[in-house]
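Heads up: the structure comes next, in structure tokens.
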Amino acid sequence: MKKIVVANWKMNPDTVSVAKNNYNSIKRNTKKYRKVETVIAPPFVFLNSFSGGLKMAAQDVFWQKSGSFTGEVSVNQLAHLKVSYCIVGHSERRELGESDIDVNMKVRALISVGITPIICVGEKDRDSNGEYLSIIKNQIKDALVSIKQKDLSKIIIAYEPIWAIGKKDSIGTRSLHEMSIYIKKVLSDLYSKRTAFKVSVLYGGSVDESNARELVKEGEVQGLLIGRASLEPKKFTEIIKEVNSIK
Ligand code: PGA
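Now the structure itself:
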């Protein structure tokens with residue numbers, strides 16, 4: 000299975016010309032790294048600005064298909080733009096009020112149009128008695144309410160501990176490995192072991208070109224969600240190269 004590396008540009012850059020330059024540079028320089036699916040998640044306003052070649056993700060969506068919802072963007076609109084993935088439940092959106100119920104509604108709406116949801120889960124901090132594990136379990140359970148087993152292979156879970164987002168250091172590879180096993184276990188309890196192993200788990204939080212390879216390899220995740228380092232095409236390309244080099 001190809002590794003998946005997603006560039007989460009968040010609310011950047013300011014102009015469409017910079018967005019196009021960054022996109023084209025990433026496209027040109029990552030073409031040869033065939034073991035990685037490179038995905039760009041720009042702000043909504045740039046989703047239709049590029050010439051094609053790389054897979055696109057939205058950073059959010061609204062769950063209603065159409066109607067009077069000022070300011071929102073629907074799954075149908077994303078589907079018509081040939082968007083392949085959509086991030087849901089990013090901690091920065093949860094901070095602005097997105098609930099587990101909202102996340103679930105969005106996941107259901109995305110699946111109904113064939114867009115793969117990238118469901119972000121992550122704890123604020125780690126306590127010594129393992130409370131954070133139940134936070135992750137509940138976020139996954141709540142996001143997947145009414146999702147059928149057959150649709151699970153169309154879902155990605157991105158583990159993004161909030162304490163590692165936008166910081167200097169990422170999670171350690173050993174803790175990440177434990178978490179990737181734990182997430183598969185939660186999915187296996189909810190569905191089946193076979194189904195659980197069809198779900199890709201990504202990691203996000205202070206990933207750069209120096210730690211990308213070991214996080215994927217030793218953390219045993221199927222890819223990465225990159226914030227800051229994805230805004231510099233050179234750095235981001237280096238990350239793709241590192242992940243591509245994993246045997
Ligand atoms: P970061 O952000 O790579 O800048 O830590 C990751 C994310 O929020 O997806």
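Under numbering that gives the first Met the number 0, the first residue of the sequence shown carries the number 0, and numbering increases by one thereafter.
The beta carbon of each residue, even a glycine, is placed where N, CA and C say it ideally should be.
With a cut-off of 8 Å on the beta carbons, I'd call residue i and residue j a contact; round off their distance for me.
i: T194; j: I155; result: No, T194 and I155 are not in contact; Cβ-Cβ is about 14 Å, not under 8 Å.
i: I255; j: A157; result: This structure does not reach residue 255, given that the chain is present from 0 up to 246, and the question cannot be answered.
i: L132; j: Y181; result: 6 Å
i: I161; j: G113; result: Not a contact, Cβ separation roughly 30 Å.
i: V38; j: A56; result: 5 Å
i: I135; j: V106; result: That belief does not hold up - the Cβ atoms of I135 and V106 are roughly 16 Å apart, past 8 Å.
Are the CB atoms of residue j and residue i within a distance shorter than 9 Å?
i: K81; j: P42; result: no
i: L214; j: T172; result: yes
i: T204; j: K246; result: The residue asked about is misnamed: residue 204 is Gly in this sequence, not Thr. No.
i: G222; j: V87; result: no
i: S48; j: A78; result: no
i: K2; j: V242; result: yes
i: L46; j: I25; result: no
Counting along the chain, where does the beta strand (DSSP E) carrying residue i start and finish?
i: P116; result: T115 to V120
i: S199; result: S199 to G203
i: I0; result: This sequence places Met at residue 0; Ile is not what is there. Element bounds for M0: n/a, residue is neither H nor E.
What are the partner residues of residue i, as DSSP defines its beta bridges?
i: M10; result: Note: M10 sits in no beta bridge, so no partner.
i: E237; result: Answer by DSSP bridge pairing: none, since E237 is not bridged.
i: E159; result: Beta-bridge pairing links E159 to no other residue.
Alpha helix (DSSP H) containing residue i: first to last residue?
i: E213; result: A211 to G218
i: E177; result: T172 to L189
i: K167; result: Element bounds for K167: n/a, residue is neither H nor E.
i: T37; result: First-last for T37: V35 to A40, but that is the beta strand (DSSP E), not the alpha helix (DSSP H).
i: Y131; result: E130 to A142
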